[in-house]
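Report on the following structure.
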Amino acid sequence: MRSNRLITKTIIMNKLFLTMSLALITTIASAQFSIITTVTEVEDEYNFTDKLAVGYNVNDEFMIGLAMDGEENYELIGRYHFADNCWGYASYDAESDGELEDRLDLGVGYSFNIWSNFYIEPNYTMSMRKNNEDEYEGTINLSLSYKL
1496 MRSNRLITKT
1506 IIMNKLFLTM
1516 SLALITTIAS
1526 AQFSIITTVT
1536 EVEDEYNFTD
1546 KLAVGYNVND
1556 EFMIGLAMDG
1566 EENYELIGRY
1576 HFADNCWGYA
1586 SYDAESDGEL
1596 EDRLDLGVGY
1606 SFNIWSNFYI
1616 EPNYTMSMRK
1626 NNEDEYEGTI
1636 NLSLSYKL
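The opening position of the sequence shown corresponds to residue 1496 in this note's numbering, with each subsequent residue numbered one higher.
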């Protein structure tokens, strides 16, 4: 009698595990990932691998991801598509010291579809950390992205 209950519980757990695994695989298989790189200038040369990011599109408007800025600095990123090919951007530097606003960068950009799932994305990013003159600094960037 006791072994029948154990066998029944084992079968139920196996079915539950299989159902959860299939649900997770279906979610991942239908998900859309993005690979993003920002072109930077280093010593009179252009570098395509200095700032790389991988993002997961939660839905058509919102993407979250992880970016590598340099060799050892990682940032959490988020994008919100508020119009056709226009997006707002936020990155949070989890490893630097300081207040929340000192770790945050905000920006806007536009995605030009070049070929299939390949995009060129000019954007403007502003750091929320003030410089020595007590002003905010911003940069104009050029990014390349590919949606998988």
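For glycine and all other residues, C-beta sits at the position ideal for the given N, C-alpha and C.
In this text the structure is predicted, and so the values were computed from the model without any measurement.
Unbroken beta strand (DSSP E) run spanning residue i, endpoints
i       : result
Gly1560 : 1557-1564
Ser1611 : Run containing Ser1611: none; DSSP gives neither H nor E here.
Asp1579 : Per DSSP, Asp1579 belongs to no beta strand (DSSP E) and is neither H nor E.
Gly1593 : Looking at the DSSP string, Gly1593 is not in any beta strand (DSSP E), and its letter there is neither H nor E.
Glu1567 : Taken as a continuous stretch (DSSP letters only), Glu1567 belongs to no beta strand (DSSP E), as it is neither H nor E.
Asn1636 : 1631-1642
For residue i: DSSP bridge partner residues
i       : result
Thr1535 : Asn1542
Leu1599 : Tyr1587
Ser1622 : Asp1600
Val1616 : One point to set straight first is that residue 1616 is Glu, not Val, in the sequence displayed. Paired residues: Ser1638.
Ser1547 : Note that residue 1547 is Leu in the sequence shown, not Ser. For Leu1547, which the question treats as bridged, DSSP gives the partners Thr1532, Met1563.
Asn1552 : Gln1527, Met1558
Leu1571 : Leu1561, Tyr1587
Option in the options with minimal Cα separation from residue i
i       : options                            : result
Ser1586 : Asp1579, Ile1572, Asn1580          : Ile1572
Ala1548 : Asn1568, Glu1538, Glu1556          : Asn1568
Glu1566 : Asn1554, Glu1590, Val1553          : Glu1590
Gly1602 : Tyr1631, Thr1514, Tyr1614          : Tyr1631
Leu1465 : Ala1578, Ile1609, Asn1608, Met1623 : The chain is shown from 1496 up to 1643; residue 1465 falls before or after that span and cannot be answered.
Gln1527 : Asn1608, Val1553, Asp1539, Phe1512 : Val1553
Beta-carbon separation (whole angstroms), residue i vs residue j, contact threshold 8 Å
i       : j       : result
Arg1574 : Met1563 : Incorrect: roughly 17 Å between the Cβ atoms, too far for contact.
Trp1644 : Ser1606 : A query on residue 1644 cannot be resolved here, the shown segment of the chain reaching from 1496 to 1643 and no further.
Thr1544 : Tyr1584 : Rounded, the Cβ-Cβ distance is 20 Å, inconsistent with contact.
Inter-residue Cα distance where the pair is residue i and residue j
i       : j       : result
Tyr1551 : Ile1530 : 9 Å
Glu1628 : Leu1637 : 27 Å
Thr1533 : Lys1625 : 23 Å
Thr1505 : Leu1517 : 18 Å
Ser1640 : Glu1616 : 7 Å
Asp1588 : Thr1503 : 49 Å
Tyr1614 : Asp1592 : 33 Å
Val1475 : Met1515 : This structure cannot settle anything about residue 1475, because the visible part of the chain is limited to 1496 through 1643.
Gly1560 : Lys1510 : 32 Å
Asn1580 : Ile1507 : 47 Å
Asp1539 : Leu1643 : 32 Å
Lys1546 : Glu1556 : 23 Å
Phe1577 : Ile1635 : 20 Å
Leu1513 : Arg1598 : 42 Å
Asn1608 : Asn1618 : 14 Å
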